[in-house]
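Visitor:
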Ligand SMILES: Cc1ncc(COP(=O)(O)O)c(C=O)c1O
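Residue numbers (the working numbering): 1 to 369.
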């Protein structure tokens, strides 16, 4: 029989494995009933709106296929965002919108310009297609230079991907910086601004949605948002893209499956969207806690990236040191994520959890010093 590895495309064989926050160690701890602090995946620790659970219970027609066009969801989202529903693509998480777009837009050998490090899936999708990732590193002061990204984009790209705020560092560009970057792109470059952490970031001075400047830019663009973070629906997998042109939406779906978002997830999204007060209260609590965690880290002289999302990222000179910390914290049932950063450097990304989770994280860190 043919070896499975010989069946798979070479560009796929060479890919790194995406590191999810649900590790075997976490599963074991959960199975044993141990109390754990889950700070590895930037989830909302307070849960979804109670209306979501009611909506889920009231779904009865699971024997029938869902509306593959997500019509009621897009109409509700369109009204909320004041955007034509035909410009919206709702899918099983914003990661799937990203995947649909990369797979249908990118060809082998084309360039994707992004920050380094950034949301790892973009690099995986780029390399899997045989396209080329061009990364722009952070500076020594842990900021990203808009001018550096603009000059890289100026060299030409099929896609410019900006996670704003940037996962896994937490940095965000201001509207002026984004304008500089976007205006350096060719009108043939698709600009993707991933605003997965928008609901948290927008509370920070100087941060605004990229939509108005992208609308004015006369560049093709997609803005990604998700219900996995502030709305607390990570387990139900719903996210969406706002497209510059409605005709691009069916085109990026053409090469994919017909159904993706299930009936339960569609009902949950509608209920979560209708309870803005719940989402806002989650953001309030998270931002208060984030300030507390940042102050505690500052006292310990830890170098931390600017934090515009619902997580804090600690810088390490060596990636190995970050992995050691991740493992040592996991021994104490505190689950964070170590990730590679600039040239051999690393970071430990910790979600801002409930006060008791953050206390455990800070105490475990102190215990390891
Ligand atoms: C920047 C960024 N984009 C997209 C996603 C994927 O989100 P979703 O759960 O909507 O697929 C994440 C998840 O962590 C993220 O950090």
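The beta carbon of each residue, even a glycine, is placed where N, CA and C say it ideally should be.
No experiment lies behind these values; they were computed from the predicted model shown.
Are there 16 or more other CB atoms within 10 angstroms of the CB of residue 367, so buried, or fewer, so exposed?
Guide: Exposed is the call here.
Visitor: Taking 6 Å as the limit, name every residue whose beta carbon sits nearer than that to some heavy atom of ligand 1, in sequence order.
Guide: Cβ-based neighbours of ligand 1 within the cut-off: 42, 93, 94, 95, 119, 163, 167, 194, 196, 226, 228, 234 and 239.
Visitor: With a CB to CB cut of under 6 Å and the five nearest residues on each side skipped, what residues in its chain are close to residue 323?
Guide: Correct list, in chain order: 338.
Visitor: Using a Cβ-Cβ cutoff of less than 7 Å, which residues in the same chain neighbour residue 357 once the five nearest sequence positions on both sides are dropped?
Guide: 37, 39 and 45, listed in sequence order.
Visitor: In this structure, how does DSSP classify residue 250 when only helix, strand and coil are distinguished?
Guide: If DSSP states are grouped into helix, strand and coil, residue 250 belongs with the helices.
Visitor: Return the CA-CA distance between residue 156 and residue 134, expressed in angstroms with no decimal places.
Guide: Each residue's alpha carbon lies about 10 Å from the other.
Visitor: When DSSP labels each residue in this structure, what does residue 88 get in the three-state scheme?
Guide: In the structure shown, residue 88 sits in a strand (DSSP, three-state: E or B).
Visitor: By the DSSP assignment, the alpha helix (DSSP H) with residue 336 in it spans what residues?
Guide: Unbroken run through residue 336: none, as it is neither H nor E.
Visitor: Are the beta-carbon atoms belonging to residue 137 and residue 342 less than 7 Å from one another?
Guide: A contact, by the Cβ cut-off of 7 Å.
Visitor: What is the DSSP secondary structure of residue 77, counted as helix, strand or coil?
Guide: Three-state result, residue 77: helix.
Visitor: Helix, strand or coil, according to DSSP, for residue 198 in the structure here?
Guide: DSSP places residue 198 in helix when its eight states are reduced to three.
Visitor: Go through the stretch 283 to 351 residue by residue and report every complete run of the beta strand (DSSP E) that reaches 3 residues or more, in order.
Guide: Runs of the beta strand (DSSP E) inside the stretch 283 to 351: 311 to 316, 337 to 340 and 346 to 351.
Visitor: Need the endpoints of the beta strand (DSSP E) that residue 15 sits in, please.
Guide: Careful: residue 15 lies outside any beta strand (DSSP E) and carries neither H nor E.
Visitor: Taking C-beta to C-beta, are residue 311 and residue 42 nearer than 7 Å?
Guide: Against a cut-off of 7 Å, the Cβ pair of residue 42 and residue 311 comes out as a contact.
Visitor: If you check the beta carbons only, do residue 181 and residue 146 fall under 7 Å apart?
Guide: A contact, by the Cβ cut-off of 7 Å.
Visitor: State yes or no: is the C-beta of residue 77 within less than 7 Å of the C-beta of residue 88?
Guide: Yes, Cβ-Cβ distance for residue 77 and residue 88 is below 7 Å.
Visitor: One question on the structure: do residue 167 and residue 305 come within less than 7 Å of each other, judged by their Cβ atoms?
Guide: For residue 167 and residue 305, no; Cβs fall outside 7 Å.
Visitor: Does the count of Cβ pairs from the stretch 120 to 130 and the stretch 140 to 154 closer than 8 Å reach three?
Guide: In short, these stretches do not touch, since the Cβ pair count stays below three.
Visitor: So, are the CB atoms of residue 101 and residue 263 less than 7 Å apart?
Guide: Taking 7 Å as the Cβ cut-off, residue 101 and residue 263 do not qualify as a contacting pair.
Visitor: DSSP beta-bridge partners for residue 137?
Guide: 116.
Visitor: According to DSSP, residue 159 sits in a beta bridge with which residue or residues?
Guide: Looking at the DSSP assignment, residue 159 forms a beta bridge with 112 and 190.
Visitor: Quick check: the Cα distance between residue 195 and residue 224, rounded to an integer number of angstroms?
Guide: Cα to Cα, residue 195 sits roughly 5 Å from residue 224.
Visitor: Between the Cα of residue 154 and those of 162, 160, 184 and 163, spot the shortest distance and give me the residue it belongs to.
Guide: Checking every option, the nearest Cα to that of residue 154 belongs to 184.
Visitor: Determine the direct distance from the alpha carbon of residue 200 to that of residue 287, and round the result to whole angstroms.
Guide: So the two alpha carbons sit approximately 7 Å from each other.
Visitor: According to the neighbour-count rule (16 or more other Cβ atoms, all chains shown, within 10 Å of its Cβ), is residue 230 buried or exposed?
Guide: Buried.
Visitor: Tell me which residue opens and which closes the beta strand (DSSP E) that residue 53 is part of.
Guide: Taken as a continuous stretch (DSSP letters only), residue 53 belongs to no beta strand (DSSP E), being part of the alpha helix (DSSP H) at 50 to 57.
Visitor: How long is the line joining the alpha carbons of residue 300 and residue 33, rounded to whole angstroms?
Guide: Whole-angstrom Cα-Cα distance: 32 Å.
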